[in-house]
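Trainee: In terms of numbering that gives the first Met the number 0, the sequence shown has 189 at position 190, counting the first letter as 1, and numbering is strictly consecutive.
Backbone N, C-alpha and C fix where the C-beta goes; we use that ideal spot for every residue, glycine too.
Quantities reported herein were computed from a predicted structural model and do not represent experimental measurements.
Right, I'll just put the structure down here and ask away after.
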Amino acid sequence: MPVDARCVSVGDLCFANALPLAVIAGPCVIESEEQTLQAATFLAELSHRIDLPLVFKSSFDKANRTSAGGFRGPGLEAGLRILQRVREETGLPVVTDVHTPEQAAIVAQSVDLLQTPAFLCRQTDFIQAAAAAGKPVNIKKGQFLAPEDMARVAEKAAATGNENLMLCERGATFGYHNLVVDMRGLAVMAQSGYPVIFDATHSVQQPGGLGGSSGGDRRFAPLLARSAVAAGVAGVFLETHPDPDHAPCDGPNMIPFAQLEPLLVELKALDAVRKAALAAS
Numbered sequence: 000m001p002v003d004a005r006c007v008s009v010g011d012l013c014f015a016n017a018l019p020l021a022v023i024a025g026p027c028v029i030e031s032e033e034q035t036l037q038a039a040t041f042l043a044e045l046s047h048r049i050d051l052p053l054v055f056k057s058s059f060d061k062a063n064r065t066s067a068g069g070f071r072g073p074g075l076e077a078g079l080r081i082l083q084r085v086r087e088e089t090g091l092p093v094v095t096d097v098h099t100p101e102q103a104a105i106v107a108q109s110v111d112l113l114q115t116p117a118f119l120c121r122q123t124d125f126i127q128a129a130a131a132a133g134k135p136v137n138i139k140k141g142q143f144l145a146p147e148d149m150a151r152v153a154e155k156a157a158a159t160g161n162e163n164l165m166l167c168e169r170g171a172t173f174g175y176h177n178l179v180v181d182m183r184g185l186a187v188m189a190q191s192g193y194p195v196i197f198d199a200t201h202s203v204q205q206p207g208g209l210g211g212s213s214g215g216d217r218r219f220a221p222l223l224a225r226s227a228v229a230a231g232v233a234g235v236f237l238e239t240h241p242d243p244d245h246a247p248c249d250g251p252n253m254i255p256f257a258q259l260e261p262l263l264v265e266l267k268a269l270d271a272v273r274k275a276a277l278a279a280s
């Protein structure tokens, strides 16, 4: 993957393909104020202990549930209030998803990074509204999109004047209820010049695989994360939870808190080797 000096600043952190790894992590969705603050405190302490930059992620609304009865979160107003508390009390930068053009400017007032859902990457008005909100944007690649097509998505976003963009791989649809990751896509997206993020936990998701909800196989998330870091990326996205088997959303693919520290330590070490090789080339 070519060395690229472009840095996207998120709070005090810098995401760049050629610089040391940064991580985006947190529970899939805000379940309660108490649970979210406990999770953020755990992640802030872990980030400090292992000296690995981390952005806290959780969604105020999951608008793309498999069924109408799926848990969606507390909603915009309550969710943003909770995320603001996370920023204030832990010092971590915060990212959350936006789902409509109208939400972008509102959410941008409360977070450090906006994230766009993969399903909406081709929606021009939506992508441009997110970019025009003035905050950095993590644009997820659609499960249906070739990696080279993300350069066109980035062009749409950059046309607003905001080039603080990151491109995120989260797997490609392969038949029914299955995703695969083509690691070549990480290098292809890096050719756009933007930092590349690898979403390890959504890449092992099985969309709609449980009938009324999505399944997943978290056993393979660490394997994919290691592979992506060895390929060379700016950051890794990992959804994590203290008790994923009882989480209301995306539990089957989230990493348990108890397994997170050794994985992040390993990813940091792999990244150091890869970035040293890039710097020497």
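1) Could you tell me the distance, in whole angstroms, from the CA atom of Leu222 to the CA atom of Val195?
2) Does Asp111 pass the burial test, meaning 16 or more other C-beta atoms within 10 Å, or should it be called exposed?
3) I'd like to check one pair, Pro255 with Pro243: are the Cβ atoms closer than 7 Å?
4) Within a Cβ cutoff of 7 Å, which residues of the same chain sit near Gly141, ignoring the five residues on either side of it in sequence?
5) Check whether the Cβ atoms of Ala24 and Leu12 sit closer than 7 Å, and answer yes or no.
6) What residue range does the beta strand (DSSP E) around Gly184 cover?
7) When the Cα atoms are used, what is the spatial distance from Val235 to Thr99?
8) In the DSSP output, what is Asp198 paired with across the bridge?
9) Report the start-end ranges of each beta strand (DSSP E) in the segment 87-157 that is 3 residues or longer and not cut off at the edges.
10) Please confirm whether any heavy atom of the ligand SAH lies closer than 6 Å to the CB of Cys120.
11) Which residue wins for smallest C-alpha separation from Ser280, given the options Cys6, Met149 and Ala17?
12) Taking all protein chains shown into account, decide if Asp60 is buried (16 or more other Cβ within 10 angstroms of its Cβ) or exposed.
13) Give the DSSP-derived three-state secondary structure of Ala24 in the structure shown.
14) Cβ of Lys139 within 7 Å of Cβ of Val94?
15) Determine the DSSP secondary structure at Leu51, reduced to helix, strand or coil.
16) Within 10 angstroms of the Cβ of Gln108, are there 16 or more other Cβ atoms? Answer buried if so, exposed if not.
17) Enumerate, from N- to C-terminal direction, the unbroken beta strand (DSSP E) stretches of 3 or more residues contained entirely within the segment 214-262.
18) Nearest-angstrom Cα distance between Gln127 and Cys6?
19) For Phe173, collect the residues of the same chain with a Cβ closer than 7 Å to its Cβ; drop the 5 residues on either side in sequence, then sort them by chain order.
20) Since Leu209 is in the beta strand (DSSP E), which residue starts that stretch and which ends it?
21) Tell me Ala171's beta-bridge partners as DSSP assigns them.
22) Residues bridged to Leu166 by DSSP?
23) Quick one: Cα of Gly153 to Cα of Asn163, how far?
Mentor: Let me spell this out:
1) The count along the sequence shown starts at 1 and reaches residue 222 at position 223. The count along the sequence shown starts at 1 and reaches residue 195 at position 196. Between Leu222 and Val195, the C-alpha separation is close to 18 Å.
2) As a position in the sequence shown, residue 111 is number 112, starting the count at 1. Asp111 should be labelled buried.
3) Taking the sequence shown and counting its residues from 1, the one referred to as residue 243 is at position 244. Taking the sequence shown and counting its residues from 1, the one referred to as residue 255 is at position 256. For Pro243 and Pro255, yes; Cβs fall inside 7 Å.
4) Translated into the one-based positions of the sequence shown, residue 141 becomes position 142. Once the five neighbours on either side are set aside, the close Cβ partners of Gly141 are Ala117, Phe118, Cys120 and Arg121.
5) Here residue 24 refers to the residue found at position 25 of the sequence shown. Here residue 12 refers to the residue found at position 13 of the sequence shown. No; because the gap between Cβ atoms is not below 7 Å, this pair is not in contact.
6) For the purposes of this step, residue 184 is identified with residue 185 of the sequence shown, where counting begins at 1. Counting along the chain, Gly184 falls outside any beta strand (DSSP E), though it belongs to the alpha helix (DSSP H) covering Arg183 to Ala189.
7) Here residue 235 is taken as the residue at index 236 of the sequence shown, counted from 1. Here residue 99 is taken as the residue at index 100 of the sequence shown, counted from 1. About 25 Å.
8) Within the sequence shown, residue 198 is the residue found at index 199, counting from 1. Per DSSP, Phe236.
9) 93-96, 112-115 and 136-139
10) In the structure on display, the ligand SAH does not appear, and there are no ligands present to speak of.
11) Reading the sequence shown from its first residue, position 281 is the one you call residue 280. When each option's Cα is compared against that of Ser280, the closest is Ala17.
12) By 1-based counting over the sequence shown, the position of residue 60 is 61. Answer is buried; the Cβ neighbour count reaches 16.
13) Within the sequence shown, residue 24 is the residue found at index 25, counting from 1. In the structure shown, Ala24 sits in a strand (DSSP, three-state: E or B).
14) Working through the sequence shown from its first residue, we reach residue 139 at position 140. Working through the sequence shown from its first residue, we reach residue 94 at position 95. Cβ distance not < 7 Å, so Lys139 and Val94 don't count as in contact.
15) To locate residue 51, count along the sequence shown from 1; it is residue 52. Leu51 falls in the coil class under three-state DSSP.
16) The residue you call residue 108 lines up with position 109 of the sequence shown. Answer is exposed; the Cβ neighbour count stays below 16.
17) 234-240
18) Working through the sequence shown from its first residue, we reach residue 127 at position 128. Working through the sequence shown from its first residue, we reach residue 6 at position 7. Rounded to whole angstroms, Gln127 to Cys6 spans 20 Å at the Cα level.
19) Residue mapping note: residue 173 aligns to position 174 of the sequence shown, counting from 1. Closer than 7 Å at the Cβ level, and outside the excluded window around Phe173, lie Val179.
20) Position 210 of the sequence shown, counting from 1, holds the residue named residue 209. Note, Leu209: premise wrong, no beta strand (DSSP E); not H, not E.
21) The residue given as residue 171 occupies position 172 in the sequence shown. Val179.
22) Within the sequence shown, the letter at position 167 stands for residue 166. Answer is Ile138 and Val195, bridged to Leu166.
23) Within the sequence shown, residue 153 is the residue found at index 154, counting from 1. Within the sequence shown, residue 163 is the residue found at index 164, counting from 1. A small correction: the amino acid at residue 153 is Ala; Gly does not occupy that position in the sequence shown. Computed Cα separation, rounded: 10 Å.
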